[in-house]
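Numbering (my numbering), first residue to last: 3 to 186. Here a beta-carbon is modelled for each residue, glycine too, at the ideal position from N, C-alpha and C. Take a look at the structure below.
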Amino acid sequence: MEVIRDLEKMNNEHTAVTIGKFDGVHQGHRELVKTMLAEGKDLKKVIFTFELLGSYNNVVSKKPIYSEEKKEEVFESLGIDYYVLLTLDEKLAAMEPEAFVKDILVDKLKCKLLVCGKDFRFGRNRAGDVEMLGLLASKYDFRLIAIEKKQYLGEDISSTRIRKALEANEKEALDMLYGPCKNS
């Protein structure tokens, strides 16, 4: 797996992309990756995420669930070709949603399949959503698969929920990260 921090270093290959924060690579994240791997068989597999710094980091005070090294290890073990990690700076944060799709996903990543959560937001002021992505997918000739949040014990799995369970030393945090333990 190649780690990409500069999109100019991407090869000119068609890709299947899944996009998100991926803090912890929990079961919900793994569902996105599993879908991308199954649906994008003939494409290069890309995990796309942002390094959030300064005012763009809404989790500065929160300890990451996985280190960057651990995330890379997990993604490589899942068969990912490229792990794209871009720093969210002022220029990137100011991109209009369609410009983000055209300039980054289509022109730079050569995206032919995009897998994301149904609640995914993107672009300036998080103005883009899955409905807009569907329209842009038709316009820019890529396929979109939007997945419902995975649930555990009747509630959405999320990094925030996992952090709370970890802080309380609850077994459910491990179940949300790795799947239910068999002998518990």
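- Between L115 and E41 a beta carbon distance of about 6 Å is seen, short of the 8 Å cut, so the two are scored as contacting.
- E169 and I159 have their alpha carbons spaced roughly 16 Å apart.
- Counting the other Cβ atoms within 10 Å of the Cβ of D25 gives 16 or more, which makes it buried.
- Excluding the 5 residues flanking it on each side, G81 has same chain C-beta neighbours closer than 7 Å at L39, K47, in chain order.
- Sequence-distant Cβ neighbours of F52 in its own chain, meaning closer than 6 Å and more than five residues away, are L88, L90.
- In terms of Cα proximity to A148, the closest of E133, G125, T162 is E133.
- Bridge partners of R145 according to DSSP: L115.
- The C-beta distance from M12 to K110 rounds to 6 Å, short enough to fall under 8 Å.
- About 15 Å separates the beta carbons of T17 and K104, which is beyond the 8 Å limit, so they are not a contact pair.
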